[in-house]
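Have a look at the structure below before the remarks.
2 protein chains.
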Amino acid sequence: MKNNANVCERLRYYVMKKATIKDIASELNISPSSVSRALSDGPGVSPSLKEAILNAAERLNYIPNSSAKSLKTMKTQTIGLIVSDIRNPFFLDFMSGIETVLFPRGYKFIVCDIGEDFEKERVYIKWLLEHGVEGILTSPSQGEDGRNNSKLYREAVRRNIPVVFYDRILEGMERISSVTLDNRQAILQGVLHLRDNGHEKLGIVLHKRGIYTIEERLRGFKEACNMLAIEVNEDWIIENAVDAERASLPLESVLKSDKRPDAIISTNQFLNEVIVATVRRMGLKIPDDLSIVGFDDHSMNELIDPPLTTIRQPVKDIGRIAATILLSEIDGTRGEKSKVVLKAELLQRKSVSKLI
Amino acid sequence: MKNNANVCERLRYYVMKKATIKDIASELNISPSSVSRALSDGPGVSPSLKEAILNAAERLNYIPNSSAKSLKTMKTQTIGLIVSDIRNPFFLDFMSGIETVLFPRGYKFIVCDIGEDFEKERVYIKWLLEHGVEGILTSPSQGEDGRNNSKLYREAVRRNIPVVFYDRILEGMERISSVTLDNRQAILQGVLHLRDNGHEKLGIVLHKRGIYTIEERLRGFKEACNMLAIEVNEDWIIENAVDAERASLPLESVLKSDKRPDAIISTNQFLNEVIVATVRRMGLKIPDDLSIVGFDDHSMNELIDPPLTTIRQPVKDIGRIAATILLSEIDGTRGEKSKVVLKAELLQRKSVSKLI
DNA sequence: TTGTACGCGTTATCAC
DNA sequence: GTGATAACGCGTACAA
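Residue numbers (the working numbering), protein chains in the order written: chain Z, 1 to 356; chain P, 1001 to 1356.
Structure representation (structure tokens):
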């Protein structure tokens, strides 16, 4: 008899793929609602019954169907994370930061790599909205012509899907929280450090123009130079260095010209690498022939030759704070929108020469 | 009159949050079925009606509810990606690789960072199953005692949720596809290169014992040494170097002993950095005092002092292939399970001295 | 404490 | 080509 039951059970185990609360209910000759109550341990179910239900659920390999749950409750315990370009080392610590906040709360995240393409971003936002994410963490991109996805983000907000910008913002969207770096102060620190060491012929290499972060860094650069009475040479401002080629080629030509800068400020980790590689390839010595101030601080900046003086942003904190804000907005416990601005710090290493 | 209609529309726009196919249907005085057919552009709906429906959908800011859709179809267009530790630079190119495969097919992915914790992995697998992912890409972890989540992965497979291992596998699960590196050959290349340069006192630093990849690399190391008649000194095998401290401390003591290796093989990017930093802190010169062969090849290995000779694995390919296999198993177009093994290549730079 | 009945938004199966 | 109806699995108001 027992054997027979075993056979039956194993048979059912293989035949019917997934157990539902109905299966548990009929197994125990009770109603599905009791099962539902027991599993979501709400009140109104006797301890003995509850235990029986939990046992049966275990035995039947019951796994809840969150699609059904979501359909009912409009909650998916999922958020969307839109990243500008996943190959940026920035996202290692950043994701680690948000994960530490999301996991304890039972939230998952969907990663959307838009590769700086705002059309792709559009597609991903739609997918996220369809999917029913409860919030979106995003570093928005822009088209060449300055177009962006503000309309779609507004649609999200209208649907009560909170959006939080990190790293970048979309100007004109004041009602969306953001966690950013004080980019001007960051660059100012770099410029100050260079000036203090006697450098006044300063160049800067920048990623795609139009992106908020980049514009801020450029503005910060010009402001700092003005403040310190350093002449800004527009030829030494290298823009739209979006890939290795578009960074190294212009940099090379600038460094070859007879009127050339004696220091270069980088504006992200990828550019750090390209700049160092380019300079080295040209046979120039760092920092004797050229001083360099890096940005973003991958752990390896310490190990390169020479150790790279770097403007470090608190990447993991950005992730943690952004995720925390998003969750509190999802909870609805936050009325005001937050605009958190974090400070960068300068890590002095060996890539800036002392001229004075 | 027109004005009035506008007001109505704007009112409805703000009052009713989300339009459903029913709203579109009643707007056009047709049935929801036709709307469904039109939107999923199936057959059986006249072109004129279809256009009207598409227009109305646009006008009402209709966004499909995939929870409802999933409930019906059991398809979520979502897969789960389980990563051992998201801070590993490995995952930059890896994720980029899988994204290029998933995006064109309309698939999203949920990232689950288990931080080498198999209990956390357990939780995440359950969440993924509940969520209704159509497949799982995973690099499984193990507990101290060798316990792992094979049971849960089997449950996924039983539910027709394909699982693909990448980087690591769980031994004894032959019916699951995998994309891995030929770890033995990889290490063999490193050992060969060292031997060719006259090094026969070889050490190796390894991450957590028990993990498939690590065991293979250790096996490969011993095999290679045996093959080349190099004596293996167990003291020079540093195991369980799971964080900076547990790598640098034992390494330091090994290097301080009077019987010390003259070359060290690293087994991941994180360890590359720790090893170089430790050696440098001890005041040893690379490669004169100690030769180093790195692993994994972050782009910055080229820039460190000295440029690091590295065993490079084709990370992006691993991602692409794993995602491709997973999708084909989801499609059900693949009967056989695939076991793809990729080869590493040795990038010779300057961190190995020539003794002969 | 427990059970009944309904609906969430969608697709699929029928009729017409 | 189109519309009515049922069902997917779950939560919940309400009745018992």
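Here a beta-carbon is modelled for each residue, glycine too, at the ideal position from N, C-alpha and C.
Neighbour list for residue i in chain Z, Cβ cutoff strictly below 8 Å
i, result
"F1109 (chain P)", "I110 and V111"
Bounding residues of the beta strand (DSSP E) (the contiguous stretch that carries residue i)
i, result
"S177 (chain Z)", "S177 to L181"
"S291 (chain Z)", "S291 to F295"
"D1331 (chain P)", "That residue, D1331 (chain P), is in no beta strand (DSSP E); its alpha helix (DSSP H) goes V1315 to D1331."
"E1345 (chain P)", "E1345 to L1347"
"A263 (chain Z)", "A263 to I265"
"I82 (chain Z)", "T78 to V83"
"I1204 (chain P)", "L1202 to V1205"
"K108 (chain Z)", "K108 to D113"
"I1356 (chain P)", "Run containing I1356 (chain P): none; DSSP gives neither H nor E here."
"V274 (chain Z)", "Careful: V274 (chain Z) lies outside any beta strand (DSSP E), inside the alpha helix (DSSP H) at Q269 to R281."
Chain-ordered neighbours of residue i on chain P, where CB pairs are closer than 7 Å
i, result
"R87 (chain Z)", "L1092, D1093 and S1096"
Residue i and residue j closer than 8 Å at C-beta
i, j, result
"D262 (chain Z)", "K201 (chain Z)", "yes"
"G80 (chain Z)", "F118 (chain Z)", "no"
"S139 (chain Z)", "I82 (chain Z)", "yes"
"N331 (chain Z)", "Q313 (chain Z)", "Before going on, a small fix: residue 331 (chain Z) reads as Asp here, not Asn. No. Outside cutoff."
"R1087 (chain P)", "D93 (chain Z)", "yes"
"Q1077 (chain P)", "G1044 (chain P)", "no"
"F221 (chain Z)", "I265 (chain Z)", "yes"
"L188 (chain Z)", "A156 (chain Z)", "no"
"F1090 (chain P)", "I1098 (chain P)", "no"
"I292 (chain Z)", "S253 (chain Z)", "no"
"D1317 (chain P)", "L1342 (chain P)", "yes"
"I1161 (chain P)", "E1121 (chain P)", "no"
"N268 (chain Z)", "H207 (chain Z)", "yes"
"E1130 (chain P)", "S1084 (chain P)", "no"
"L381 (chain Z)", "I21 (chain Z)", "Missing from the structure shown is residue 381 (chain Z); chain Z here goes from 1 to 356 and no further."
"G172 (chain Z)", "S141 (chain Z)", "no"
"I304 (chain Z)", "L1303 (chain P)", "yes"
"G190 (chain Z)", "L54 (chain Z)", "no"
"I24 (chain Z)", "L71 (chain Z)", "no"
"A277 (chain Z)", "Y166 (chain Z)", "no"
"L1137 (chain P)", "L1326 (chain P)", "yes"
"P250 (chain Z)", "S353 (chain Z)", "no"
"L308 (chain Z)", "R349 (chain Z)", "yes"
"V205 (chain Z)", "I238 (chain Z)", "yes"
Residue-level contact to chain P via CB, residue i, 8 Å cutoff
i, result
"W127 (chain Z)", "yes"
"K18 (chain Z)", "yes"
"E302 (chain Z)", "yes"
"S351 (chain Z)", "no"
"N4 (chain Z)", "With a pLDDT of 42 at N4 (chain Z), under the threshold of 50, the modelled position of that residue is not reliable, and the figure given next carries that caveat. No, its Cβ sits nowhere closer than 8 Å to a Cβ of chain P."
Closer than 8 Å to chain Z by CB, residue i
i, result
"D1305 (chain P)", "yes"
"E1058 (chain P)", "no"
"S1061 (chain P)", "The identity of residue 1061 (chain P) in the sequence shown is Asn, whereas the question assumes Ser. Yes, because at least one Cβ of chain Z sits closer than 8 Å to the Cβ of N1061 (chain P)."
Under 7 Å from the C-beta of residue i: neighbouring residues of chain Z
i, result
"S1070 (chain P)", "S67"
Per-residue contacts from residue i into chain P (C-beta, under 8 Å)
i, result
"S299 (chain Z)", "E1273"
"P64 (chain Z)", "E1130"
Under 9 Å by beta carbon: chain P residues contacting residue i
i, result
"E99 (chain Z)", "I1086, V1111, C1112, D1113 and G1115"
Start-to-end residues for the alpha helix (DSSP H) that takes in residue i
i, result
"R1246 (chain P)", "A1244 to K1256"
"K1050 (chain P)", "P1047 to R1059"
"L1137 (chain P)", "Counting along the chain, L1137 (chain P) falls outside any alpha helix (DSSP H), though it belongs to the beta strand (DSSP E) covering G1135 to T1138."
"K22 (chain Z)", "I21 to L28"
Any non-hydrogen atom of the ligand GTP closer than 7 Å to residue i Cβ
i, result
"G1115 (chain P)", "Although the ligand GTP was asked about, the structure shown includes no ligands whatsoever."
- What residues in the region 1136 to 1170 of chain P have a beta carbon less than 9 Å from any beta carbon of chain Z? When CB distances to chain Z are screened at a threshold of 9 Å, the residues of the region 1136 to 1170 of chain P falling below it are E1155, R1158, R1159 and N1160, in chain order.
- Item | Cβ-based contacts, 8 Å cut-off: residues of the region 1267 to 1296 of chain P near chain Z | Those residues of the region 1267 to 1296 of chain P that come within reach of chain Z (Cβ to Cβ, closer than 8 Å) are E1273, V1276, A1277 and R1280.
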